[in-house]
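Enquirer: The sequence shown begins at 2 in this note's numbering and counts up by one.
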Amino acid sequence: MAPRAQARGLRPAAVSDFQNARESLGARLRELRTEAGLAGKELAESLGWQRSKVSRLENGRQTATTDDLQAWAQATGVPLAAADLVRQLSAMETHYRSWKRVLAAGHRAVQDTHAVQERGARVVHLFECGIVPGIFQTPEYARAVLSDVSDQHGSPADVEDGVRARMRRQEALYERSYQVHALMWEAALYVVRCPDLADTVAQLDRLTVLAGLDTVNLGIIPLGVRMPVAPKHGFWIMDGCLVVADTWNAELSLDSADDIALYRGTWETLQKHAVFGHGANRLIARARARLSNPEHL
2 MAPRAQARGL RPAAVSDFQN ARESLGARLR ELRTEAGLAG KELAESLGWQ
52 RSKVSRLENG RQTATTDDLQ AWAQATGVPL AAADLVRQLS AMETHYRSWK
102 RVLAAGHRAV QDTHAVQERG ARVVHLFECG IVPGIFQTPE YARAVLSDVS
152 DQHGSPADVE DGVRARMRRQ EALYERSYQV HALMWEAALY VVRCPDLADT
202 VAQLDRLTVL AGLDTVNLGI IPLGVRMPVA PKHGFWIMDG CLVVADTWNA
252 ELSLDSADDI ALYRGTWETL QKHAVFGHGA NRLIARARAR LSNPEHL
């Protein structure tokens with residue numbers, strides 16, 4: 002695996018599938034250009050682009066936008082090809098969606114999409130290594146997280162709408178037919194996301210309350226235990242038929258049998274090293290006590 006892909010926590014198959022799709026789209030763009038009898042430099046000039054952008058798109062080194070594809074189709078004299086190009090892009094991004102693009106519509110749209118996925122599932126298995134899962138977050142914790150995300154990606158700052166939408170996601174936890182099997186690495190309990198430390202402590206209190214629900218099975222993987230797999234990134238498994246994994250730059254939606262089996266196997270491996278019930282509550286209480294008295298950290 003290339004070092005950059007490995008650092009992002011992307012599986013080789015996921016990267017390969019996305020890159021193959023991007024190269025296929027690039028090949029179609031090149032075909033349209035050559036059929037129009039245009040050199041790359043000529044096309045770039047007609048579109049007001051740098052010549053390097055045409056090359057990157059054709060060689061699958063840059064992901065086109067919808068506007069790029071529509072402009073390309075128009076410039077090559079085949080405007081009707083735009084619809085097919087956009088469909089090809091949409092199919093590609095069904096599995097790999099950059100956060101910058103996803104967040105262009107704001108936080109509320111992202112939260113509403115996640116709510117649909119979660120409410121459509123009956124059994125969810127999830128793992129988070131550095132954050133309290135969104136479905137368990139308090140408003141203050143969620144507000145801090147979404148504000149940071151807006152700053153990081155330069156996305157619309159509809160934070161309050163996003164917080165309200167994230168809180169609505171928690172309604173599923175009170176439905177008897179819904180089950181969440183959650184695993185967290187103990188380190189996530191100590192990641193301070195809120196400007197006011199008291200809000201992080203309150204988040205741990207909330208986590209303890211939710212862990213007592215019949216619909217929630219929460220396990221904490223203690224620091225210092227032997228870890229047979231690296232806690233690279235968080236992921237959710239919906240009804241055993243869809244995996245949603247977060248990386249720094251994108252959200253992956255994986256539905257192949259091999260990917261689902263790998264993530265389910267990874268979750269089960271992690272589960273073997275987690276503590277539940279009183280054991281999990283003790284770890285949460287320890288984190289709460291230490292965060293309440295920072296000099297003891």
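We put the beta carbon where it would ideally sit given N, CA and C, even for glycine. Since we're looking at a predicted model, the values are computed, not measured.
#1: Residues in its own chain within less than 7 angstroms of Lys42 by CB, not counting five upstream and five downstream?
#2: What is the residue span of the alpha helix (DSSP H) that Asn250 lies within?
#3: Which same chain residues, not among the five before or five after Leu11, have their C-beta less than 7 angstroms away from its C-beta?
#4: Counting Cβ pairs, one atom from each stretch, are 3 or more of them under 8 angstroms apart for the region 114–128 and the region 140–148?
#5: Whole-angstrom Cβ separation of Glu269 and Pro223, contact assumed at under 8 angstroms?
#6: If I follow the unbroken beta strand (DSSP E) through Met239, where does it start and stop?
#7: Touching or not, the region 126–136 and the region 166–185, by the rule of three or more beta carbon pairs under 8 angstroms?
#8: Given this structure, state the Cα-to-Cα distance separating Asp162 from His274, to the nearest angstrom.
#9: List the endpoints of the continuous beta strand (DSSP E) containing Ile136.
#10: Mind checking Asp197: buried by the 16 CB within 10 Å criterion, or exposed?
#11: Going by DSSP in three states, Arg98 sits in which element: helix, strand or coil?
#12: Check for me: the beta strand (DSSP E) holding Ile261 runs from which residue to which?
#13: Report the option in Leu271, Asp200, Thr267, Gln112 whose CA atom is closest to the CA atom of Arg165.
#14: Among Gly220, Gly155, Leu253, which has the Cα closest to the Cα of Phe236?
#15: Between which residues of its own chain and Asp256 is the CB-CB distance below 6 angstroms, once the five residues before and five after are set aside?
#16: Who are the near neighbours of Asn21 in its chain, counting only those whose CB is closer than 6 angstroms to its CB and skipping five residues on each side?
#17: Smallest Cα separation from Glu32: which of Leu205, Thr77, Asn294?
#18: Using CA coordinates, which residue listed in Leu208, Thr64, His115 is at the minimum distance from Ala92?
Expert: Answer, in terms of the structure:
#1: Cβ neighbours of Lys42 within its own chain (closer than 7 angstroms, five residues either side excluded): Arg52.
#2: No alpha helix (DSSP H) holds Asn250; DSSP gives it neither H nor E.
#3: Unreliable placement is indicated for Leu11, whose pLDDT of 40 sits below 50; the coordinate value is still reported in the next sentence. For Leu11, the CB contacts under 7 angstroms within the same chain, skipping 5 residues up- and downstream, are Thr248 in chain order.
#4: No, because fewer than three Cβ pairs between the region 114–128 and the region 140–148 fall closer than 8 angstroms, the two stretches do not touch.
#5: Between Pro223 and Glu269 the Cβ distance is about 18 angstroms, and since that is not below 8 angstroms, they are no contact.
#6: Boundaries of the beta strand (DSSP E) around Met239: 236–239.
#7: Segments in contact, yes.
#8: Looking at the backbone, the Cα of Asp162 and that of His274 are separated by about 37 angstroms.
#9: Neither: Ile136 is in no beta strand (DSSP E) and is coded neither H nor E.
#10: Here Asp197 is exposed, its C-beta having fewer than 16 other C-beta atoms within 10 Å.
#11: DSSP, read as helix, strand or coil, puts Arg98 in strand.
#12: From DSSP, Ile261 is part of no beta strand (DSSP E) but of the alpha helix (DSSP H) over 258–272.
#13: Closest option to Arg165, Cα to Cα, is Gln112.
#14: Comparing Cα positions, the closest option is Leu253.
#15: Within the same chain, Asp256 has close Cβ partners Leu243.
#16: For Asn21, where only same-chain residues beyond five positions count, there are no Cβ hits under 6 angstroms.
#17: Put simply, of Leu205, Thr77, Asn294 the residue whose alpha carbon is nearest the alpha carbon of Glu32 is Thr77.
#18: Answer by Cα proximity: Thr64.
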